[in-house]
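Chains as they are written, first to last, in the working numbering: chain A, 1 to 483; chain B, 484 to 973.
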Amino acid sequence: MTAFVPSNILAILPEILLLSLGVLVLVLDPFWKEENRRLNLGWLTAGGLFAILALSLAVARPGAEPALVFGGMLRYDLLGFAFKMLFIFGAAITALFMMDVEQVGRRAEAYLLLLVAALGMSLMASAADLVMLYLAIETTSIPLYILAGFLTGDERSTESGFKYLLFGALTSAVMLYGFSLLYGFSGETSLYALAASFPTFSLLALGTIFLVLVGLSFKVSLFPFHFWAPDVYEGAPTPVAGFLSTASKAAGFAVILRLFTVVFPSLSANWSLILAVLATLTMTVGNLIALAQKNIKRLLAYSSIAHAGYAMIGVVAFSQLGAASTVFYLIAYILTNLAAFGIVTAFGHVAGSDDVKAYYGLSRRAPTLALMMMVAFLSLAGMPPFGGFVAKVFVFAAAIEQGWVWLAVVGVLNSIIGLYYYMTVLKYVYLYRMEGEEEEKHPIPLSRPYAIALTVLTIGIIAVGVIFAPWFGIATGAAMNLF
Amino acid sequence: MQFPILSVIVFTPMAAAMLILLIKSERKNEIRVTALAAAFLALLLSLWVYFSYDKAAAGYQFVEKYNWMPMLGISLHLGVDGMSAPLVLLTGVVMFTGVLISWGLDDRPREFFAFLFILASGVFGVFASLDLFMLFFFYEIAVFPMYLLIAIWGWIKTREYAAMKLTLYLFIGSVVSLIGALVMYWQSGLHTFDMLALEQAAFSPGFQKLWFPFVFFGFAVLGGIFPFHNWSPDGHVAAPTAVSMFHAGVLMKLGAFAALRVGIMLLPEGAKSWSWLIMGLALVNIVYGAFIAMVQTDFKYVIGFSSVSHMGLVMMGFSTLTRVGLTGAGVQMFSHGVMTALFFAAVGMVYDRAHTRDIPRLGGMVKPMPLVAVAFIIGGLVSMGMPGFSGFVAEFPIFMGIWQVRPLVAIIAAISIIVTAAYIMLVIRRVFFGSMPAEFEGHIGPVAVQDKVALVFLCVIMIGLGLFPSLMVPWVQTGVQHLLSLLGGA
């Protein structure tokens, strides 16, 4: 056991700051007047998160040598750090989106829960011990259950929160059983010590992997544990759905990457085939069902299921490039999907509907919003010069490098299906007109938080898609900690 | 360090598109003038590239290389050779005339020109790319705006269907090629997407035979090869005039060119063993396309299918893998681009005034629009391959090339010349001559100045190239020389 080292504080600096911000939000809340609350809370949270992001990037960057800190509970490495920055960024954008949502934007609890969830995710990304990992996962999940059901007056939101809780509790229990078996193999809880004594092959070992995978599949909405996603996204407040589909999913992938490459490498031949099949099913099921959706939030839910499949391709490849491409995919995906959900939030706030048909004539009602929507959706579809294109090419390249040509072909075919339904939405936006109405008389004003957040995201999507080398450099740095 | 002319060409339309998006949408004239200025600049630059290409030195020129992503060997590597220089020029020409023709467009011209220019950037990028990754990057950029251009501004009856069909076809084609390209990347072991390096990778013959069809036919979808040509006539017809010009004039060349550059140049052994298939399919294109064109009653479908037929000749030229055949194919890409742009421009002008494209209902158009009639006839002569026009310079070597390889195919393909002559003359007679139906009397307005400039410009190019083949053939020959060296001596 390592003793407490003050310099280790840097390893958890983002977490400490997140917690402090949360406390600050709670303390300041009662002093503000009702009418100022929404703006003050939102700007405090978002601004604070951006400040944490900047501060962490400035002082808390890990060195080249990864280190186990706090008695081996956490690992201070670039993989964890890169993911933390992603989560904090995602939370900051989500805080901006939450400001204008009735009943959410005025409540300090909502922001606090968001911050605690981000804290949990950060710990998930760097956890190096089974106990820590489980705690982190629960710290993430519980605030998210509440956030999903935050609109207590709305039946669908309540249903959403409850459904999420039931699914989450069940899968988490199964995963915990898997963890206990892992402990049983070696008598160790540290992931890095576990790896040494993990058996090369036995049915029990494979079964353990399965059990652990159940919980993580739920987090990233991998087939067949994806059923919750559409219902939860549809009912939850839209910014929360956006957060669930991006940061929460990325957190799941951070754990998957670490567990599968660090603890289970001896069985990689077995699990990569299993994951390849799951990725195939996830992509295909997600995309095919998305084709039939009439509600944009459900459509995005199925699309985000499909994207988990694409990101999984990089894990299947089980190589440094594969892990890097998954990280890169998640960077591009978080930017893109947050933008998509942000646009849906902004639109739904004014139009009062999440029906795809409500988007008729959007390009005339709000040309800029329509253009941003096009950027986001084309990036989801994998078109250059947006982030989604490069990200897809990298995961396919990683798959082909390791001989998974069929998986790349499946991915490619799926992206064609994806293109179809994304384009269908764009068709409504650009081609169709509102029935019997002058579109110009129904503008969609963007309030300042949305304008800032969406501009940042749009620029980000293009920046990742065009100047991809630095981002891929980060992803590679993160992946090097695994191999 | 020389002036980075190719990157300037590639990014000029993109920059212009951004600029246009910043102009307020009500100020339509400013938008048009900006668009025209940008297109003119691109034309001048492409002329400069074309004429300052050193034929004696041959090879890739104006080469620029910026490391984009060294970890995976991706670089922004631009350069043109004798094969692509004419195509860069073609893009400049079609872009310029396309803007002129679209002067009267009144529905959201800002977005129209912006999307058109983004597309043009992609096209320039593909022609100038020497990096496989960047080629795909630009290729996809060129494909998508087409969807919006057709779906928003196209012919109301079929635009949604045609635009979706086109985009899906082309996207499927490109991703199939992408898989092939990624396999090549890993197989080569060079860790670079640089095509100049991959040309020398010497893939094993078995590998080449296996992957050539994926790469070649994936791109050839955009080249309109049978049986994947289905999207093209529908797309041409549904598109607004300038987009049809771009689409048939430049975009189909994009497919053919990428199939040549990535398919034949990187996998020459594969090309040799599959050339029979390309030839067979191209033959179907040529003959079947011509016959279908003959029975169309929609003016624009006639031209649409004639493109299928003529693109077949390009593919046929590729499939010969001989010096004359490839040279002919190279010139044909340019000649057909100009010709078909002219055809679609003329069709658009007739349609804008008569509001119908139904051939039996048209007639006597020569009187109100004599210049359009003359231009269409010149285009028709090019299409038939008459000596003295660019079509002859292009088609004659192709037929010579096929004759060297398979005389029987040459004979069958030659049928298309007669059929082409038949449908072109039929259309000319029915649309431009004969008596004008009473409903059009006095309703057919004159043709605008910009339209006239565009038509004359295109005609001059076709006649100039026909009379002075040395203005293009030597360029293409240097490109073919390099190709042949990759194909193994010859």
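Just so it is clear, CB atoms sit at the ideal spot from N, CA and C, and this is done for glycine as well.
Please read these numbers as outputs of a predicted model, since none were measured by experiment.
Scanning its chain for C-beta atoms nearer than 6 Å, with the 5 sequence neighbours on each side dropped, one finds around Met-678/B the residues Leu-613 and Leu-615, in chain order. Assignment of Gln-485/B by DSSP, reduced to helix, strand and coil, places it in the coil class. Leaving aside the five residues that flank Gly-542/B on each side, the residues in its chain whose CB is nearer than 8 Å to its CB run, in chain order, Asp-564, Thr-961 and His-965. With the rule of 3 Cβ pairs closer than 8 Å, the stretch 270-281 of chain A does not count as touching the stretch 139-158 of chain A. If you draw a straight line from the Cα of Leu-144/A to the Cα of Gly-473/A, it comes to about 31 Å. With distances taken between CA atoms, Asn-36/A lies nearest to Arg-107/A out of Arg-107/A, Lys-84/A, Phe-97/A and Leu-213/A. In summary, the residues of the stretch 626-643 of chain B whose CB is separated from some CB of chain A by less than 9 Å are Val-626, Phe-627, Tyr-630, Leu-631, Ala-634, Ile-635, Arg-642 and Glu-643, in the order they occur in the chain.
Taking 7 Å as the Cβ-Cβ cut-off, the stretch 89-121 of chain A has no residue approaching chain B.
Boundaries for Leu-613/B: no alpha helix (DSSP H) harbours it, and the DSSP string shows neither H nor E there. DSSP lists Leu-561/B as the beta-bridge partner residues of Glu-547/B.
According to the DSSP assignment, Tyr-76/A belongs to the beta strand (DSSP E) that extends over 74-76. For Phe-394/A, the nearest beta carbon of chain B is closer than 9 Å to its own beta carbon. Any Cβ of chain B closer than 9 Å to the Cβ of Glu-438/A would place that residue at the interface, and such an atom is absent. Taking a C-beta cut-off of 7 Å against chain B, the contacting residues of the stretch 395-420 of chain A are Phe-396, Ala-397, Ile-400, Glu-401, Val-405, Ala-408, Val-409, Val-412, Ser-415, Ile-416, Leu-419 and Tyr-420, listed in chain order. Proximity of chain A to Trp-531/B at the Cβ level (cut-off 9 Å) is not reached, the minimal Cβ distance being about 26 Å. Taking one beta carbon from each stretch, the stretch 863-877 of chain B and the stretch 817-824 of chain B have 3 or more pairs nearer than 8 Å; the two touch. Positions of the alpha helix (DSSP H) runs, each at least 4 residues long and wholly inside the stretch 342-412 of chain A, are given as 362-365, 367-381 and 387-401 in order along the chain.
Counting the other Cβ atoms within 10 Å of the Cβ of Leu-845/B gives 16 or more, which makes it buried.
With a cut-off of 8 Å on Cβ pairs, the stretch 779-788 of chain B is in contact with the stretch 715-724 of chain B, counting three or more such pairs.
For Val-726/B, none of the residues of chain A pass the 7 Å Cβ criterion, the least Cβ distance being about 15 Å.
Listed along chain A are Val-393, Phe-396 and Val-412, each with a C-beta nearer than 8 Å to that of Leu-661/B.
Cβ atoms of Lys-441/A and Ser-415/A stay farther apart than 8 Å, at about 38 Å. Excluding its 5 nearest sequence neighbours in each direction, Tyr-134/A has C-beta neighbours in its own chain below 7 Å: Leu-176 and Phe-179, listed in chain order.
Around Met-552/B, the beta-carbon contacts reaching into chain A at under 8 Å are Phe-468, Ala-469 and Phe-472. The beta carbon of Pro-443/A does not come within 9 Å of any beta carbon belonging to chain B, so the residue lies off that interface.
Listed along chain B, the residues sitting closer than 7 Å to Thr-476/A by beta-carbon distance are Met-554. Collapsing the DSSP output to three states places Asn-481/A in coil.
Taking CB atoms only, Phe-620/B has a neighbour in chain A less than 9 Å away. Spatial neighbours of Thr-246/A in its own chain (CB-CB distance under 6 Å, excluding positions within 5 residues in sequence) are listed in chain order as Gly-90, Ile-334, Asn-337 and Leu-338. Proximity of the stretch 943-953 of chain B to the stretch 522-534 of chain B falls short of the contact definition, fewer than three beta-carbon pairs being nearer than 8 Å.
DSSP assignment within the stretch 138-208 of chain A yields no whole beta strand (DSSP E) run of 3 residues or more. Per DSSP, the continuous beta strand (DSSP E) segment holding Leu-68/A begins and ends at 67-69. For the C-beta of Leu-796/B, not a single chain A residue is nearer than 7 Å; the gap to the nearest is close to 30 Å. Segment contact: the stretch 235-249 of chain A against the stretch 340-347 of chain A, three or more CB-CB distances shorter than 8 Å; contact assigned.
Proximity of chain A to Met-869/B at the Cβ level (cut-off 9 Å) is not reached, the minimal Cβ distance being about 42 Å.
By alpha-carbon distance to Tyr-164/A, the top candidate from His-307/A, Lys-294/A and Ile-142/A is Ile-142/A.
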